[in-house]
Amino acid sequence: MEITKSSENKIDKLVSCLPQENICGRPFVQYNGTWFPLLAIPGVISSQELFQADESEIIIAGLPKCGTTWLKALIFSIVNRNRYQPTESPLLSIHPQILVPSIEMDHFRDGLPQTIYQLSRPTISSTHVPYAFLPNSIITSNSRVVYVCRNPPDALVSYWHFRNSIMKHNNTSVQVEPIEEFFDQYCRGVQPYGPLWENILGYWNASVEKPESVLFMTYEDLKEDSMFQLKRLASFLGFPFSSEEEAQGLIQEISTLCSIGNLKNLEANQKVVHYSVVPGTSYFRKGEVGDYVNHLTPSMIETLNKLVEEKFAGSGLVF
Ligand code: A3P
Numbered sequence: 001m002e003i004t005k006s007s008e009n010k011i012d013k014l015v016s017c018l019p020q021e022n023i024c025g026r027p028f029v030q031y032n033g034t035w036f037p038l039l040a041i042p043g044v045i046s047s048q049e050l051f052q053a054d055e056s057e058i059i060i061a062g063l064p065k066c067g068t069t070w071l072k073a074l075i076f077s078i079v080n081r082n083r084y085q086p087t088e089s090p091l092l093s094i095h096p097q098i099l100v101p102s103i104e105m106d107h108f109r110d111g112l113p114q115t116i117y118q119l120s121r122p123t124i125s126s127t128h129v130p131y132a133f134l135p136n137s138i139i140t141s142n143s144r145v146v147y148v149c150r151n152p153p154d155a156l157v158s159y160w161h162f163r164n165s166i167m168k169h170n171n172t173s174v175q176v177e178p179i180e181e182f183f184d185q186y187c188r189g190v191q192p193y194g195p196l197w198e199n200i201l202g203y204w205n206a207s208v209e210k211p212e213s214v215l216f217m218t219y220e221d222l223k224e225d226s227m228f229q230l231k232r233l234a235s236f237l238g239f240p241f242s243s244e245e246e247a248q249g250l251i252q253e254i255s256t257l258c259s260i261g262n263l264k265n266l267e268a269n270q271k272v273v274h275y276s277v278v279p280g281t282s283y284f285r286k287g288e289v290g291d292y293v294n295h296l297t298p299s300m301i302e303t304l305n306k307l308v309e310e311k312f313a314g315s316g317l318v319f
């Protein structure tokens with residue numbers, strides 16, 4: 001498919017017929033069952049056919065606020081470790097969100113293919129779309145997909161804070177709805193790139209069917225045992241750590257370089273404004289497991305737990 005004025009018009013026409021809701025002050029449309037930011041729709045549609053993944057392509061997938069920035073930093077560091085020592089890493093001067101571009105937002109900004117130069121070899125790209133929406137070339141090539149999942153209440157709270165920090169930074173008159181309203185939408189499946197159960201289960205099932213192509217990770221496991229998870233990740237990507245590297249402390253060095261404490265305080269990450277509206281610091285907040293208890297009432301937590309239990313019943317996935 002070549003992007004022409006007429007295909008742009010077709011996308012505009014399609015979008016105008018889709019159900020629309022504002023989520024945390026931002027317009028979303030429901031396309032084939034998934035809630036996409038209005039702004040991302042042209043990129044999602046164009047990339048499905050046009051994104052060309054090569055054999056060694058690495059894709060980082062995950063719902064927003066599930067740890068994708070962390071994964072970007074970790075995977076960049078693992079696969080490029082023979083080119084850049086942790087002390088000379090491009091991560092020290094480039095925000096992970098810029099170092100690793102998004103398929104729907106960067107490779108196909110506004111639906112138009114962009115020329116993007118990547119420092120990483122092999123190249124790494126990210127996406128929030130469900131597995132069923134992945135560009136054809138990712139499925140048919142030997143690309144490796146790493147999916148990061150996070151417990152739903154923490155992801156919910158994190159997204160709400162993220163939107164608030166963007167609004168605050170831009171002094172906008174549009175306010176983020178109270179967390180109670182966002183919670184109600186969330187429980188209806190009206191979430192960025194959600195319903196979350198569909199997004200998560202799509203990748204979970206793919207990881208069970210094709211473990212050599214899709215690795216399923218969780219934010220909580222990464223927090224609990226970073227060393228083990230980094231080794232698991234490196235082996236899956238085809239860049240296993242040698243015993244010498246392990247003995248030299250390289251895994252620990254990468255873990256420290258990519259830690260929230262380090263990334264958050266880097267001048268480059270504090271100064272940059274992603275897409276001209278998202279302050280670089282808003283990608284780094286607390287980075288804790290279980291912060292939701294400070295923001296959701298016990299009854300909200302119970303409702304969400306029940307919903308999650310019901311949606312993931314029989315899948316083998318436990319939160
Ligand atoms: P919190 O808001 O709970 O702190 P994403 O990168 O997918 O947008 O997710 C953002 C969440 O991951 C935020 O969670 C953020 O603080 C956390 N995060 C970002 N970088 C991290 C890192 N290096 N280590 C651990 N957590 C990180």
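If you read the sequence shown in the UniProt record's numbering, its first letter stands for residue 1, the second for the next number, and so on. Where a beta carbon is used, it is the ideal one built from N, C-alpha and C, also for glycine. Keep in mind it's a predicted model, so treat the numbers as computed, not measured.
What does a CB cutoff of less than 6 Å around residue i pick up in its chain, not counting 5 residues either side in sequence?
i	result
P279	H169, V273
M217	V148
D110	P42
Y292	P153, D154, V157
L317	W204
K227	Residue identity check: residue 227 is Met in the sequence provided, not Lys. Cβ within range, chain order: I251.
S102	S126
I200	C149
T140	none
For residue i, count neighbouring C-beta atoms within 10 Å of its own C-beta (all shown protein chains included) and say buried if the count is 16 or more, exposed if not.
i	result
C258	buried
I138	buried
S315	exposed
residue 346	This structure cannot settle anything about residue 346, because the visible part of the chain is limited to 1 through 319.
F284	buried
R121	exposed
A313	exposed
K13	exposed
K248	Note that residue 248 is Gln in the sequence shown, not Lys. It counts as exposed.
P96	buried
D54	exposed
D154	buried
N82	exposed
A206	buried
V145	buried
P37	buried
Q175	exposed
residue 386	Here the chain has residues from 1 to 319 only, and residue 386 is not among them.
residue 342	Given that the chain is displayed from residue 1 to residue 319, the structure contains no residue 342 and the question cannot be resolved.
N171	exposed
residue 322	Nothing in the structure corresponds to residue 322, since the chain is present only between 1 and 319.
residue 320	Since the first residue shown for the chain is 1 and the last is 319, residue 320 is missing from the structure and cannot be characterised.
N9	exposed
V44	buried
E209	exposed
Kindly list the residues whose CB is nearer than 7 Å to the CB of residue i, restricted to its own chain and excluding five residues on each side of it in sequence; keep chain order.
i	result
D106	Q114, I116
A40	E104, M105
Q30	L18, P19
G287	I260
S158	K65, R285
Y186	L156
F162	K65, S282
I94	A268
L266	L92
Check the C-beta distance from residue i over to residue j and give it rounded, since I have them as a contact under 8 Å.
i	j	result
I59	S165	In fact, because the Cβ distance is near 27 Å, the residues do not count as touching under 8 Å.
I78	F239	6 Å
L222	Q229	5 Å
V129	Y193	6 Å
F133	T68	Their Cβ separation, rounded to whole angstroms, is 16 Å, which puts F133 and T68 out of contact at 8 Å.
I254	P86	6 Å
P90	L119	5 Å
P135	F51	4 Å
Y131	G62	Wrong, their Cβ atoms sit about 11 Å apart, outside the cutoff.
G25	M167	6 Å
Among the residues of its own chain, which have a CB less than 8 Å from the CB of residue i, if the five just before and after it don't count?
i	result
T281	S165, K264, N269, Q270
K72	I60, P96, Q97, L99, V100, I124, S126
V308	P152, W197, F319
D225	none
F28	Q20, E21, N22, W35, F36, P37, L38, V190, P192
I301	P153, Y292, V293
H295	V157, W160, I179
Taking 7 Å as the line, does the beta carbon of residue i fall inside it for any heavy atom of the ligand SAH?
i	result
I260	Among the ligands modelled here, namely the ligand A3P, the ligand SAH does not occur.
>> List, from N- to C-terminal side, the alpha helix (DSSP H) runs of 4 residues or more that fit wholly inside the stretch 71 to 153.
In response: 96 to 99, 136 to 140
>> So within the stretch 162 to 208, which uninterrupted alpha helix (DSSP H) runs reach at least 4 residues, ignoring any that extend past its ends?
In response: 179 to 187
> Where are the alpha helix (DSSP H) runs, 4 residues long or more, that stay fully inside the stretch 3 to 48, in chain order?
Replying inline: 5 to 16
> Where in the stretch 208 to 238 do unbroken runs of the beta strand (DSSP E), each at least 3 residues long, occur, reported from the N-terminal end onward?
Replying inline: 214 to 218
> Can you give, in chain order, each stretch of the alpha helix (DSSP H) that sits fully within the stretch 286 to 317 and has at least 4 residues?
Replying inline: 298 to 312
> Which residue spans inside the stretch 233 to 273 form an unbroken alpha helix (DSSP H) run of at least 4?
Replying inline: 243 to 248, 250 to 257, 260 to 265, 267 to 271
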